[in-house]
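Written below as structure tokens is the structure these notes are about.
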Amino acid sequence: TGIIAGGPMRAVFEMLGIQDVVAKSVGSQNPYNMIRATIDGLVKEASPRMVAQRRGKKVADILNKDIASSATPEEAVEA
286 TGIIAGGPMR AVFEMLGIQD VVAKSVGSQN PYNMIRATID GLVKEASPRM VAQRRGKKVA
346 DILNKDIASS ATPEEAVEA
């Protein structure tokens, strides 16, 4: 999808080499605050392993959730 983010957030993502991201700023439009919030969000991001451990599930269950929810009704019946 590319980088879908505005202004300062786009610059941060490009500088870090992130290629696919969607971000929206709600609230402050102050560039300094937007950069701080973007970096804070990236630092607090959890890995799939950490999310699975916190939820008591397997990593495969966490990663395959989107695939299962996008299945058509026919595919769901076959499974």
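The opening position of the sequence shown corresponds to residue 286 in my numbering, with each subsequent residue numbered one higher.
Beta carbons are placed, not taken as given, at the ideal position from N, Cα and C, and that holds for glycine.
(request) Could you tell me which uninterrupted beta strand (DSSP E) segments, each at least 3 residues in length, are contained entirely in the stretch 312-345, listed from first to last along the chain? (result) none
(message) For Arg339 and Lys329, what's the separation of their Cα atoms in angstroms?
(response) Rounded to whole angstroms, Arg339 and Lys329 show a C-alpha spacing of 15 Å.
(request) Just mark Ala290 as buried or exposed, buried being the case when its beta carbon has 16 or more other beta carbons within 10 Å. (result) buried
(message) Beta-carbon within less than 6 Å of Pro293's beta-carbon, same chain only, minus the 5 sequence neighbours each way: which residues are those?
(response) Pro316, Met319 and Ile320
(request) Give the straight-line distance between the Cα atoms of Glu299 and Leu327, rounded to the nearest whole angstrom. (result) 13 Å
(request) Have a look at Ser313 and Ala322 and give me their C-alpha separation to the nearest angstrom. (result) 10 Å
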